[in-house]
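**Student:**
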Amino acid sequence: MTLELSNFDAAIVDLDGTLVDTIGDFVVSLNRMLDELALPRIDGATVERMVGKGSEHLIHSVLRHVRGTSDDGDAWFDRARPRYQHHYLAINGQHADVYAGVVEGLTALRARGLRLACLTNKPTAFARPLLAAKGLDGFFEVMFGGDAFERKKPDPLPLLKACEALATLPARTLMVGDSSNDAKAARAAGCPVVLVSYGYNHGEPVRGVDADGFVDSLAELAALR
Numbered sequence: 036m037t038l039e040l041s042n043f044d045a046a047i048v049d050l051d052g053t054l055v056d057t058i059g060d061f062v063v064s065l066n067r068m069l070d071e072l073a074l075p076r077i078d079g080a081t082v083e084r085m086v087g088k089g090s091e092h093l094i095h096s097v098l099r100h101v102r103g104t105s106d107d108g109d110a111w112f113d114r115a116r117p118r119y120q121h122h123y124l125a126i127n128g129q130h131a132d133v134y135a136g137v138v139e140g141l142t143a144l145r146a147r148g149l150r151l152a153c154l155t156n157k158p159t160a161f162a163r164p165l166l167a168a169k170g171l172d173g174f175f176e177v178m179f180g181g182d183a184f185e186r187k188k189p190d191p192l193p194l195l196k197a198c199e200a201l202a203t204l205p206a207r208t209l210m211v212g213d214s215s216n217d218a219k220a221a222r223a224a225g226c227p228v229v230l231v232s233y234g235y236n237h238g239e240p241v242r243g244v245d246a247d248g249f250v251d252s253l254a255e256l257a258a259l260r
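Per the working numbering, the sequence shown starts with residue 36, numbered consecutively.
1. Quick check: what's the CA-CA separation for L204 versus P191?
2. Using only alpha-carbon positions, find the residue among F61, G59, A125 and D44 that is nearest to E199.
3. When the Cβ atoms of the stretch 154-165 are set against those of the stretch 84-103, are three or more pairs found closer than 8 Å?
4. Using a Cβ distance threshold of 8 Å, determine whether the stretch 119-134 contacts the stretch 145-153, with at least three qualifying pairs required.
5. Please list, in chain order, all residues of the same chain as V137 whose beta carbon is under 6 Å from its beta carbon, the five residues on each side excluded.
6. So A218 and G225 are in contact, right, with Cβ under 8 Å, and what is the actual spacing, rounded?
7. If you draw a straight line from the C-alpha of F249 to the C-alpha of E185, how long is it?
8. Quick one: is G181 buried, meaning 16 or more other Cβ sit within 10 Å of its Cβ, or exposed?
9. Apply the 10 Å Cβ neighbour rule to D49 and answer buried if 16 or more other Cβ atoms are within range, or exposed otherwise.
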């Protein structure tokens, strides 16, 4: 990887699959929702392929999967969404773990003088408590959830808005994520992008994504000049 931290003034960091492994939270919340709807349960491997595009997309995907249909129906979604939100808020962070190397990586970025933002497609009401519960909120000057703007990643708008909030140029703002969503958004916004190898990426090999670099741990960012 040839990226140099000296070329950046800030970094925008994804949450699920990048900072915290949250599949456990998703599975518990979704299965409690499905139980209430008298629908079949879903496993973690399947959920992992569906996360990353916001709660609405996740719920729609899960309903289509368990019902074996290409159309989940608005009535099912309208019943499912409030139950999912209720259950997720109740267990938020209890079945999730911070990835190894995250604290070291964020500490190194801050030590090099980079301003940090957390940008996720996760609803703000879920994301803020999760960051606080895991002791990560203090690293970030600003945090934006998937409901903060009119559009979510992979649209570039959230990244551009995050750059505005950090008062940095996109070309001098590093995007750190785990999926093609993050990479596509970064490319469209004009931000260089590094992806972690351990995230979710919709079940596809992450090293096949167009990115400027890959790391197996955020701690590796400390080695950059």
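C-beta atoms are modelled at their ideal positions from N, C-alpha and C, and glycine is treated no differently. Treat the numbers as computed from the prediction; the structure is a model and nothing was measured.
**Tutor:** The answer reads as follows:
1. Residue 204 sits at position 169 when you count from the first residue of the sequence shown. Residue 191 sits at position 156 when you count from the first residue of the sequence shown. Taking the straight line joining both Cα atoms gives about 14 Å.
2. Taking the first residue of the sequence shown as 1, we reach residue 199 at position 164. Considering only alpha carbons, the answer is D44.
3. yes
4. no
5. The residue you call residue 137 lines up with position 102 of the sequence shown. So the list reads L54 and L253, once near-sequence residues are dropped.
6. The residue you call residue 218 lines up with position 183 of the sequence shown. The residue you call residue 225 lines up with position 190 of the sequence shown. In fact, because the Cβ distance is near 13 Å, the residues do not count as touching under 8 Å.
7. Working through the sequence shown from its first residue, we reach residue 249 at position 214. Working through the sequence shown from its first residue, we reach residue 185 at position 150. When rounded, the distance between both Cα atoms is 29 Å.
8. Working through the sequence shown from its first residue, we reach residue 181 at position 146. So G181 ends up on the buried side.
9. Within the sequence shown, the letter at position 14 stands for residue 49. By the neighbour-count rule (16 or more Cβ atoms within 10 Å), D49 is buried.
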